[in-house]
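Here the structure is laid out as C-alpha cells; the discussion comes afterwards.
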Amino acid sequence: MKTQTTFFSKSLKAAVKINAFMRFLMLFLMLGFSHSVISAQSNPVPVQFFYVPLPEDQILQALQTTNTNGSASTNPVQTYISIAAIADNTVIYYDQWENGFEPDIANPMNLYSGGNPGGTQIWGDGNSANGAPPGIPSDIINSGTVIILNNPVTTTSRQSVIDFDVSDKIAATKTISVARSGWTTGPNTLLADAIEVFDTDNWGKSFVVPVGENIPNSDSFRIFNYTGLSIMASTNNTNVQIDADANGSFETNINLNEGQGYLV
Numbered sequence: 004m005k006t007q008t009t010f011f012s013k014s015l016k017a018a019v020k021i022n023a024f025m026r027f028l029m030l031f032l033m034l035g036f037s038h039s040v041i042s043a044q045s046n047p048v049p050v051q052f053f054y055v056p057l058p059e060d061q062i063l064q065a066l067q068t069t070n071t072n073g074s075a076s077t078n079p080v081q082t083y084i085s086i087a088a089i090a091d092n093t094v095i096y097y098d099q100w101e102n103g104f105e106p107d108i109a110n111p112m113n114l115y116s117g118g119n120p121g122g123t124q125i126w127g128d129g130n131s132a133n134g135a136p137p138g139i140p141s142d143i144i145n146s147g148t149v150i151i152l153n154n155p156v157t158t159t160s161r162q163s164v165i166d167f168d169v170s171d172k173i174a175a176t177k178t179i180s181v182a183r184s185g186w187t188t189g190p191n192t193l194l195a196d197a198i199e200v201f202d203t204d205n206w207g208k209s210f211v212v213p214v215g216e217n218i219p220n221s222d223s224f225r226i227f228n229y230t231g232l233s234i235m236a237s238t239n240n241t242n243v244q245i246d247a248d249a250n251g252s253f254e255t256n257i258n259l260n261e262g263q264g265y266l267v
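So for the sequence shown, the numbering used here puts the first residue at 4; every next one is plus one.
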C-alpha cells in the first residue's frame with residue numbers, strides 16, 4: 004500500500020510539475036505569438052485603398068485625338084493629385100508602382116528613406132525619415148490638411164523614373180478624398196482631364212457607358228465629339244471584356260494586373 008501510495012504521490016508530483024511546465028510553455032508561446040502579431044502590425048491599419056487613375060500615356064493619346072486645332076499636345080504630361088483629410092491624426096501610405104507593390108502596405112518591406120527615395124512612404128506619423136507629404140515638413144495630417152502631388156511625367160520613361168504618377172497605390176487609416184487631373188504640354192490647362200478618385204470599395208465589375216459620340220447623331224444636338232473609357236484593375240489577372248459597339252458580343256478580351264490601366 005505504501006509503495007502504491009508512494010508511486011501515486013510521485014506520479015502526482017510529476018503530473019503537477021508537468022502541468023505547471025505546460026502552463027508556463029503555453030503562456031510563453033502565447034506571449035511570443037502576441038508579440039509577433041503586434042510587431043507585424045506595428046503601424047495603423049488602413050481603411051481605404053486607392054490607385055491613381057488615368058495613365059499619362061493615355062491622357063496624351065486622348066488629348067491628342069481631341070486636339071485638332073491650336074497648340075499640339077506633347078510630352079511631358081503634368082500630373083496633379085490632390086489628397087484631402089477629414090480627421091486628425093490620419094496616416095497615409097504611398098506605394099510607388101514602379102518597383103512593385105507591397106504585400107502589406109501598412110508595414111512596407113521597401114521603406115522610404117533618404118537613400119531609398121523609391122520606397123513606400125508613411126505620411127502622418129510624425130517621422131519624416133520614412134517620408135513626409137510635400138509641403139508638410141511636420142509630417143502630421145489633421146482635419147483639413149490638403150496634400151498636393153504635382154510633377155511632369157514623360158510617358159516614354161514612366162517605368163524608369165520614380166515620381167507621382169498613375170498606378171501609384173494610396174492607403175489611409177481614416178477617410179480621405181482624392182482627385183486627379185492632368186494636362187499636356189502645349190495647350191496646358193486649356194485642355195485637361197480630371198476625375199474624382201474612388202476608393203476600391205466603390206469599384207465595380209459591370210458597367211454600361213451612358214454617353215457616346217453618336218447620341219444623338221445630329222450636329223445641332225451633338226454633345227460629345229470624343230468618348231473614351233479608362234479601365235483599371237485592383238488585383239492581378241483581372242479579366243476585362245468589352246463590347247464597344249453594344250451588339251452583344253465582347254470583341255475585346257484583356258487581362259490587367261494590379262494598378263494597370265487600359266484605354267478604350
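All C-beta atoms, glycine included, are put in the ideal place defined by N, C-alpha and C. This one's a predicted model, so the numbers in the text were calculated from it and none came from an experiment.
For the 8 Å CB-CB criterion, Gly-231 and Thr-77 do not form a contact. With a contact defined as Cβ atoms closer than 8 Å, Thr-187 and Leu-63 qualify at about 6 Å.
Looking from the CA of Gly-118, the closest CA among Met-112, Ile-139, Ala-132, Ala-90 belongs to Ala-132. Rounded to the nearest angstrom, the gap between the Cα atoms of Gly-215 and Asp-202 is 26 Å. For Gln-124, the enclosing beta strand (DSSP E) begins and ends at 124-126.
In the three-state reduction of the DSSP assignment, Thr-192 falls in the helix class, which pools H, G and I. Here the alpha carbon of Ile-86 sits roughly 19 Å from the alpha carbon of Val-156. If you draw a 10 Å sphere on the C-beta of Ala-236, you find 16 or more other C-beta atoms in it, and that means buried. Per DSSP, Asp-248 is not a residue of any alpha helix (DSSP H), being assigned neither H nor E. Rounded to the nearest whole angstrom, the CA to CA distance from Gln-81 to Asp-98 is 20 Å. In this structure, DSSP gives Ile-198 an extended state, which the three-state scheme calls strand. With respect to the 8 Å criterion, Ile-143 and Gly-129 are classified as neighbours on the basis of their beta carbons. By the neighbour-count definition (other C-beta atoms within 10 Å, threshold 16), Tyr-229 is an exposed residue. Assigned with DSSP and collapsed to three states, Ala-88 falls in strand.
Burial of Ala-135 is indicated by the presence of at least 16 other C-beta atoms within 10 angstroms of its C-beta. One thing to note: Ser-170 has its Cβ within 8 Å of the Cβ of Gln-263. Every unbroken stretch of the alpha helix (DSSP H) spanning 4 or more residues and falling wholly within the region 55-116 is given here in chain order: 59-69. Excluding its 5 nearest sequence neighbours in each direction, Asn-256 has C-beta neighbours in its own chain below 6 Å: Gln-244, listed in chain order. Pairing Glu-261 with Ile-165 gives a Cβ-Cβ distance that is not under 8 Å.
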